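The sequence shown begins at 5 in our numbering and counts up by one.
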Amino acid sequence: MAERTPVIAGNWKMNTDVESGLKLVKKIFEFSEGVSGVDKIVCPPSIAITSIAQTLAGTSIQVGAQNVSANDDGAFTGELSTSMLRGLVSHVIVGHSERRAMFGETSDQVAAKAIKAADAGISPILCIGEDLAVRKSGKAAEYVANQLEESLTGYSNWDSLIVAYEPVWAIGTGEAATSEQAQEMTVVCREVVRKLAPAAADSVRVLYGGSVNSGNVAELLAQPDIDGALVGGASLKVDEFSKLIAAAGSS
Ligand code: 13P
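As structure tokens, this is what we get:
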């Protein structure tokens with residue numbers, strides 16, 4: 005079995021401003037710099053990426069973006085390219101369910117973004133997950149497998165990929181998936197990777213996301229196929245996020 009370094013990634017979504025974001029990362033640094041054996045990532049809003057990346061340079065905390073364009077440059081109002089992000093971020097979230105649902109992102113577009121990011125040396129954190137209707141229909145595994153396979157069309161940079169299983173019904177609801185549900189679905193994700201790239205399946209990191217907090221993280225991380233967490237609300241609270249990092253790493 006491949007050794008997989010756990011990941012705790014904070015998706016700040018559209019929260020904080022530059023000043024409060026800087027304060028937050030300084031505190032996270034203070035509380036978690038002594039913890040090793042875990043990849044710590046913060047994904048602030050794009051306006052704060054530059055100053056946060058400068059502040060965290062040389063620390064163990066990495067910076068990610070929340071989105072990226074699949075295009076190189078040109079008339080794409082409001083978008084950011086990989087060449088703008090390169091050197092500032094190590095990771096980028098692609099295909100978050102909020103972008104799929106509110107901004108109409110398709111799995112084909114997500115695949116193009118993931119490829120573009122990986123080609124630029126930025127690791128994609130590729131999100132997939134079913135909504136409540138799909139969960140209730142009993143077809144969550146099939147749905148997620150298809151969504152992930154489609155979102156990996158043409159993808160080949162397997163070392164750089166992180167997958168995040170985030171059931172829509174668990175995001176921001178306070179109702180996380182049970183550790184059994186999350187384990188079952190992270191296996192589904194890993195098996196999709198096995199089908200596409202057998203050699204990568206045991207080394208690709210698969211995270212769980214959706215109402216992760218300091219009370220449920222240990223049980224989730226104890227599952228054999230859950231390699232970490234993509235965290236929304238709790239990533240904005242210094243003590244909570246630091247506890248998640250501590251739970252995944254060692255000090
Ligand atoms: P919450 O942790 O707030 O449920 O959000 C999860 C998420 O969407 C992370 O990308």
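C-beta atoms are modelled at their ideal positions from N, C-alpha and C, and glycine is treated no differently.
Small disclaimer: the values here were computed from a predicted structure and weren't measured.
Quiz prompt | Rounded distance between the beta-carbons of Asn-15 and Ile-97, thought under 8 Å | solution = 6 Å
Quiz item: CB of Ile-175 to nearest heavy atom of the ligand 13P: below 6 Å?
Solution: yes
Quiz prompt | Reduced DSSP category for Ser-141 - H, G, I as helix; E, B as strand; rest coil | solution = helix
Quiz prompt | Exposure label - Lys-44; buried when at least 16 CB within 10 Å | solution = buried
Quiz item: Going along the chain, which residues of its own chain have a beta-carbon closer than 7 Å to the beta-carbon of Thr-86, five neighbours each way excluded?
Solution: Val-72, Lys-120, Ala-121, Ala-124 and Ile-126
Self-check item: Buried versus exposed call for Gln-58 [16 or more other C-beta atoms within 10 Å across all chains shown]
Solution: exposed
Practice problem: Check Leu-248 in the structure and name its three-state DSSP category. | Solution: helix
Exercise. Using alpha carbons as the reference points, say which of Ala-74, Arg-104 and Ile-230 lies closest to Val-210.
Key: Ile-230
Practice problem: Since I believe Leu-84 is in contact with Ala-69 (beta carbons under 8 Å), could you give me their beta-carbon distance rounded to a whole number of angstroms? | Solution: 7 Å
Self-check item: Simplified DSSP state of Ile-230, which is helix, strand or coil
Solution: coil
Quiz item: By Cβ distance, which residues of its chain are closer than 7 Å to Leu-89, with the 5 residues on each side in sequence left out?
Solution: Ala-69, Val-72, Val-96 and Ile-126
Quiz item: How would you label Phe-245, buried or exposed, when you count the other beta carbons within 10 angstroms and need 16 or more for buried?
Solution: buried
Quiz item: Unbroken alpha helix (DSSP H) runs of length 4 or more, entirely within the segment 7–39: which are they?
Solution: 22–36
Self-check item: Own chain partners of Ala-250 with C-beta closer than 8 Å, once the 5 adjacent residues on each side are dropped
Solution: Ser-36 and Val-39
Quiz item: Looking at the structure shown, is Leu-240 part of a helix, part of a strand, or coil, going by DSSP?
Solution: helix
Quiz item: For the alpha helix (DSSP H) that contains Val-221, what are its first and last residues?
Solution: 221–225
Quiz item: Of the residues Ser-207, Asn-19 and Leu-26, which one's Cα is nearest the Cα of Ala-238?
Solution: Asn-19
Quiz item: When DSSP labels each residue in this structure, what does Tyr-159 get in the three-state scheme?
Solution: coil
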